[in-house]
Amino acid sequence: MKRFILHIFVVIMSISLIGIIVVQLFWIKNAILVKEAEYEENIQEALKRIINGIEIKQTAIFITKNLNEFTIEKIGTDPDVIDSEKLKRYFTKDSIIHLRTGGVEVQTETGFHIINDEIDSNEIVILNNDSNIEVVSTLISKNNSKNVDLLLIQDSITQSDNNKFYYKTSDNYKKLFNKMVIEYETRETPINERLNLSELTNLIHKEVIDQGLDSEYEFAIIDDALDSIKIKSEGFYNDFALQSFKANLFPNDIIDKSTYLYLYLPGKNSIIYKSISLMLIGSIVFTLVIILIFFISIKIAFKQKKLSEIKSDFINNMTHEFKTPIATISLAADSIMNPKIISDEHKVGDYLKIIKEENRRMNNQVESVLQISLLEKEKFKVTLFEFDLHELIRKAVQNIELKLKEKNGELKVSLGAENSFALVDEMHFLNIIHNLLDNAIKYSSEKIVISLKTHTQNGKVHIIVKDHGIGIKKEEIVRIFDKFYRVPTGNIHNIKGFGLGLSYVKA
14 MKRFILHIFV
24 VIMSISLIGI
34 IVVQLFWIKN
44 AILVKEAEYE
54 ENIQEALKRI
64 INGIEIKQTA
74 IFITKNLNEF
84 TIEKIGTDPD
94 VIDSEKLKRY
104 FTKDSIIHLR
114 TGGVEVQTET
124 GFHIINDEID
134 SNEIVILNND
144 SNIEVVSTLI
154 SKNNSKNVDL
164 LLIQDSITQS
174 DNNKFYYKTS
184 DNYKKLFNKM
194 VIEYETRETP
204 INERLNLSEL
214 TNLIHKEVID
224 QGLDSEYEFA
234 IIDDALDSIK
244 IKSEGFYNDF
254 ALQSFKANLF
264 PNDIIDKSTY
274 LYLYLPGKNS
284 IIYKSISLML
294 IGSIVFTLVI
304 ILIFFISIKI
314 AFKQKKLSEI
324 KSDFINNMTH
334 EFKTPIATIS
344 LAADSIMNPK
354 IISDEHKVGD
364 YLKIIKEENR
374 RMNNQVESVL
384 QISLLEKEKF
394 KVTLFEFDLH
404 ELIRKAVQNI
414 ELKLKEKNGE
424 LKVSLGAENS
434 FALVDEMHFL
444 NIIHNLLDNA
454 IKYSSEKIVI
464 SLKTHTQNGK
474 VHIIVKDHGI
484 GIKKEEIVRI
494 FDKFYRVPTG
504 NIHNIKGFGL
514 GLSYVKA
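Position in the sequence shown (from 1) plus 13 gives the number in this note's numbering.
What follows is the structure, encoded as structure tokens:
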């Protein structure tokens with residue numbers, strides 16, 4: 014794969030990955046917003062049910078206390094005695110009133126009711142002095158106590174055929190009147206006397222649990238107009254008011270009041286994130302896995318590309334390294350076969366030395382490749398014996414001196430280690446020193462000056478090879494010990510080698 018195509022591939026994959034991450038973040042954000050809206054909706058529903066429960070409780074208490082105050086008087090059976098103004102109090106809302114001879118039949122929402130139990134249960138005596146009867150009534154119980162609920166105001170009576178009259182009032186007016194009565198009767202009672210803290214706590218706890226708001230909570234009833242807390246739970250502090258959800262304690266009151274129920278739920282975020290924790294964790298984990306796989310894939314792709322380039326360079330270098338000695342050997346063999354040369358033992362001997370030397374060169378190159386192969390397979394064998402490192406270094410220097418003289422180079426040796434004895438493999442140690450010196454020669458400038466020093470530090474012998482070569486870029490230094498890696502020199506390949514020397518040294 015060409016490098017340009019690989020880069021295009023990486024760009025497309027990167028854009029796709031970024032798109033996936035953006036979509037995941039957008040999805041997570043939306044999921045959180047949905048849960049927040051659902052959470053707030055549940056809170057509002059809980060507040061609504063709490064307020065409704067309080068209103069029902071307050072109405073029940075009011076009716077229980079005042080029920081016996083509303084009783085009906087005996088009207089009597091004599092039509093001439095019955096006062097129409099008195100009768101106005103006793104008809105129920107939405108009643109259908111049938112005018113009869115000397116009486117009426119009253120049908121209400123709860124059935125037939127009578128005012129005077131001394132006559133037929135479906136009839137009532139009424140003063141009938143003209144064709145229009147105006148009445149206002151209350152709900153009349155069928156039992157003997159004749160208890161009623163509330164007073165009503167007159168709405169309308171319309172006349173129909175057959176001397177029948179239909180009495181109709183608006184239900185909204187009845188509710189309005191009922192509310193006015195309750196509000197009027199309870200206007201002077203402080204809210205902390207009207208509400209029981211224990212009952213209120215139980216009601217709030219029930220609704221919080223029923224709405225799935227499984228969290229700690231605190232509450233208070235505050236008069237916003239007076240900025241005064243009327244009732245509160247033990248853990249409610251003034252600062253909580255700004256962070257609380259609130260609702261009008263009596264939203265249906267005709268006379269507007271500034272009393273509010275405050276509900277503080279500190280565990281909002283924990284509840285929301287807990288509800289989507291499984292999806293959130295799963296999304297994050299899978300996204301991280303995708304990102305990790307993406308980077309690993311990119312790294313492998315570039316590594317494979319680099320290995321492919323290194324492989325090509327290695328093959329080219331190896332071909333060049335083997336081609337030169339092979340050509341030299343071939344040339345020497347052809348020379349020996351020349352009749353003029355073959356009879357000259359001295360010249361034949363010289364050519365045989367050349368053949369032997371080139372053969373040794375090729376053998377060393379093959380041996381280097383085999384050693385690296387053994388290193389990769391972890392079959393590299395090391396035979397350790399105690400040697401004087403200084404003696405081994407001198408031996409390695411002697412082996413490289415001939416090549417150094419050919420280059421007119423200078424090698425300065427300073428062996429200053431106090432205790433130079435160590436357990437080493439003789440062959441590998443000599444190869445290491447040889448490779449270091451060989452690299453110093455190959456990559457030096459025109460004037461070759463190399464120094465080799467030893468010294469002891471923290472009980473260890475340090476060997477330092479220093480040259481004044483062409484230098485290596487910072488970004489290339491970290492890779493000089495990689496197998497087959499050679500510092501790029503552009504289109505000029507005047508330095509021989511396989512890129513295995515320093516890799517062998519490091520191993």
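Glycine included, each C-beta is placed from N, C-alpha and C at the ideal position.
So, is residue i buried or exposed, given that buried needs 16 or more other C-beta atoms within 10 angstroms?
{"i": "Leu383", "result": "exposed"}
{"i": "Asn444", "result": "buried"}
{"i": "Ser257", "result": "buried"}
{"i": "Ile95", "result": "At Ile95, the pLDDT of 40 sits below 50, so the modelled position is not reliable; the number obtained from the coordinates is stated separately. Result: buried."}
{"i": "Gly472", "result": "exposed"}
{"i": "Asp480", "result": "buried"}
{"i": "Ala340", "result": "exposed"}
{"i": "Phe434", "result": "exposed"}
{"i": "Ile454", "result": "buried"}
{"i": "Pro338", "result": "buried"}
{"i": "Asn330", "result": "buried"}
{"i": "Leu301", "result": "exposed"}
{"i": "His402", "result": "Per the sequence presented here, residue 402 reads as Leu, with His not at that position. With 16 or more other Cβ atoms within 10 Å, it is buried."}
{"i": "Phe249", "result": "buried"}
{"i": "Ile235", "result": "buried"}
{"i": "Ile56", "result": "buried"}
{"i": "Ile21", "result": "exposed"}
{"i": "Ile313", "result": "exposed"}
{"i": "Ile461", "result": "buried"}
{"i": "Phe299", "result": "exposed"}
{"i": "Ile413", "result": "buried"}
{"i": "Val24", "result": "exposed"}
{"i": "Phe398", "result": "exposed"}
{"i": "Ile28", "result": "exposed"}
{"i": "Phe327", "result": "buried"}
{"i": "Val161", "result": "Below a pLDDT of 50, predicted positions are generally treated as unreliable, and Val161, at 31, falls in that range; no measurement from the model is reported."}
Is the distance from the Cβ of residue i to the Cβ of residue j below 9 Å?
{"i": "Asp451", "j": "Lys416", "result": "yes"}
{"i": "Glu231", "j": "Lys245", "result": "yes"}
{"i": "Leu465", "j": "Ile406", "result": "yes"}
{"i": "Glu371", "j": "Ala345", "result": "yes"}
{"i": "Ala233", "j": "Lys243", "result": "yes"}
{"i": "Leu274", "j": "Lys259", "result": "yes"}
{"i": "Thr469", "j": "Glu431", "result": "yes"}
{"i": "Phe400", "j": "Val437", "result": "yes"}
{"i": "Ile204", "j": "Leu262", "result": "yes"}
{"i": "Leu30", "j": "Phe315", "result": "no"}
{"i": "Ile297", "j": "Ala44", "result": "no"}
{"i": "Ile311", "j": "Met26", "result": "yes"}
{"i": "Arg62", "j": "Asp252", "result": "no"}
{"i": "Ile335", "j": "Gln378", "result": "Just to set this straight, residue 335 is Phe in the shown sequence, not Ile. Yes. Within cutoff."}
{"i": "Asp4", "j": "Ser271", "result": "The first residue shown for the chain is 14 and the last is 520, placing residue 4 beyond what the model contains."}
{"i": "Arg207", "j": "Gln37", "result": "no"}
With residue i and residue j assumed to form a contact (beta carbons below 8 Å), what rounded beta-carbon distance in angstroms separates them?
{"i": "Ile463", "j": "Leu424", "result": "5 Å"}
{"i": "Leu10", "j": "Lys318", "result": "Residue 10 falls outside the range modelled here, since the chain spans only 14 to 520, and no answer is possible."}
{"i": "Met482", "j": "Ser458", "result": "Reading the sequence as shown, one finds Gly at residue 482 and not Met. Yes, Gly482 and Ser458 are in contact; Cβ-Cβ is about 6 Å, under 8 Å."}
{"i": "Lys48", "j": "Ile304", "result": "Actually they are not in contact, since the Cβ atoms of Lys48 and Ile304 sit about 26 Å apart, beyond 8 Å."}
{"i": "Thr396", "j": "Leu428", "result": "No, Thr396 and Leu428 are not in contact; Cβ-Cβ is about 24 Å, not under 8 Å."}
{"i": "His342", "j": "Ser348", "result": "Before going on, a small fix: residue 342 reads as Ile here, not His. Between Ser348 and Ile342 the Cβ distance is about 11 Å, and since that is not below 8 Å, they are no contact."}
{"i": "Leu213", "j": "Ala59", "result": "With a Cβ gap of about 13 Å, Leu213 and Ala59 do not count as contacting."}
{"i": "Leu293", "j": "Ile34", "result": "With 8 Å as the limit, Leu293 and Ile34 do not qualify as a contact, their Cβ atoms being about 14 Å apart."}
Is it true that the region 468-480 meets the region 435-454, where meeting means three or more beta-carbon pairs spaced less than 8 Å apart? yes
Mind pulling the alpha helix (DSSP H) runs of 4 or more residues that sit fully within the region 317-355?
-> Within the region 317-355, the complete alpha helix (DSSP H) runs of at least 4 residues are 352-355.
Discussion item. Does the region 275-290 come into contact with the region 49-64, if we say contact requires no fewer than three beta-carbon pairs (one atom in each stretch) closer than 8 Å?
Written reply: yes
Point to revise | Start-end ranges of the beta strand (DSSP E) lying completely within the region 204-292, minimum 3 residues | key: 231-236, 241-245, 258-261 and 272-277
**Prompt:** Any chance the region 52-72 sits against the region 210-219, with 3 or more Cβ pairs inside 8 Å?
**Reply:** yes
Which full runs of the beta strand (DSSP E) of 3+ residues lie inside the region 358-445, going along the chain? Every unbroken stretch of the beta strand (DSSP E) spanning 3 or more residues and falling wholly within the region 358-445 is given here in chain order: 398-401, 423-428 and 434-437.
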